[in-house]
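Engineer: Supplied in C-alpha cells, the structure appears directly below.
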Amino acid sequence: MPQHTHAHTRRCPACDGFPTVAITTGARHRDGSRVTIRVTCPACKGTGHTTHVPTLVRAGK
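Written out as C-alpha cells, the structure is:
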C-alpha cells in the first residue's frame, strides 16, 4: 500500500530527516561502553527540515 507524504513538511535533503546522529569513535569507556560524539546536520542546523517555508503570496490588485 503506498504511503502518502505531507506537502507541508519538507525533509532536509542532506540528512533526510535525521538531523542529529551519534557516531562512535572506536574507543571505549572504563565500563566498556563506547565513546560517541553527537553531530548535527550543517545544512539544516539540526532541525531536520529545509529552511524554505512555503508561504502564500498575493498577486494582482
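Per the working numbering, the sequence shown starts with residue 70, numbered consecutively.
Just so it is clear, CB atoms sit at the ideal spot from N, CA and C, and this is done for glycine as well.
In this text, all values refer to a predicted model and were calculated from it rather than measured experimentally.
Once DSSP output is grouped into helix, strand and coil, what is the label at R99?
Structural biologist: Three-state DSSP puts R99 in coil, outside helix and strand.
Engineer: Which of helix, strand or coil does DSSP assign to T105?
Structural biologist: Strand at T105.
Engineer: Near I106, which residues of its chain fall below 6 Å by C-beta distance, leaving aside the five closest residues on each side in sequence?
Structural biologist: Once the five neighbours on either side are set aside, the close Cβ partners of I106 are I92.
Engineer: Which residues does DSSP list as the beta-bridge partners of A91?
Structural biologist: DSSP output for A91 lists R107 as bridge partner(s).
Engineer: Would you please state the rounded distance, in angstroms, between the beta carbons of T119 and C84? I believe it to be under 8 Å.
Structural biologist: The Cβ separation is near 11 Å, so there is no contact.
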